[in-house]
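Please read the structure below before turning to the comments.
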Amino acid sequence: CKGRERRFYFDRKTGKCESFTFGGCGGNGNNFMTKAECMVACSKHSTPTPDENVCSQPIEIGPCKAMLKRFAYDNKKGKCIEFYYGGCKGNKNNFESMEKCTRTCKKAVPE
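Numbering (our numbering), first residue to last: 524 to 634.
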């Protein structure tokens with residue numbers, strides 16, 4: 524626990540990825556090796572256009588263990604559902620609100 528690794532975390536107050544010194548023990552899913560990895564995992568996604576096929580992507584929780592409540596379009600159910608995102612990796616079928624998921628995927632998925 525006496526390590527001194529430079530890592531990054533997402534600061535909800537500033538909406539940015541910030542650096543910190545990681546000791547090597549404990550921690551949580553909000554702990555990224557690079558700023559780029561943090562930004563990909565934590566930045567708010569703008570509403571994607573339908574041609575990105577966001578809504579047809581599988582629901583991916585990712586390998587981290589942050590347990591962030593998110594919403595994704597479930598192709599089998601034909602609607603947005605709640606799931607818990609690990610905080611890293613994953614894909615763009617990952618929305619911070621049910622409304623944003625529904626709004627995005629209603630446009631992208633033919634009825």
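By construction, the Cβ of each residue, glycine as well, lies at the ideal position given by its N, Cα and C atoms.
Nearest-angstrom Cα distance between residue 541 and residue 556?
Looking up residue 541 in the sequence shown gives position 18. Looking up residue 556 in the sequence shown gives position 33. So the alpha carbons of these two residues sit roughly 12 angstroms apart.
Does the beta-carbon distance from residue 598 to residue 620 come in below 8 angstroms?
Translated into the one-based positions of the sequence shown, residue 598 becomes position 75. Translated into the one-based positions of the sequence shown, residue 620 becomes position 97. Inclusion of residue 598 and residue 620 in the CB contact set at 8 angstroms is not warranted, their separation being larger than that value.
Could you check whether residue 615 and residue 577 sit closer than 8 angstroms to each other, using their CB atoms as the reference points?
In the sequence shown, counting from the first residue as 1, residue 577 sits at position 54. In the sequence shown, counting from the first residue as 1, residue 615 sits at position 92. Yes. Within cutoff.
Selected residue, minimal CA-CA separation from residue 533, among 594, 618, 589:
In the sequence shown, the residue the question calls residue 533 occupies position 10. It is 589 whose Cα lies nearest to the Cα of residue 533.
Following the continuous alpha helix (DSSP H) through residue 565, name the residue where it begins and the one where it ends.
Here residue 565 refers to the residue found at position 42 of the sequence shown. Its alpha helix (DSSP H) spans residues 558-565.
Looking at the secondary structure, which residues open and close the beta strand (DSSP E) in which residue 544 lies?
Along the sequence shown, one-based indexing puts residue 544 at 21. Unbroken beta strand (DSSP E) run through residue 544: 539-545.
Within the same chain, show all residues whose beta-carbon is closer than 7 angstroms to that of residue 605, passing over the 5 residues directly before and after it, in chain order.
If you number the sequence shown from 1, residue 605 lands on position 82. Once the five neighbours on either side are set aside, the close Cβ partners of residue 605 are 592, 594.
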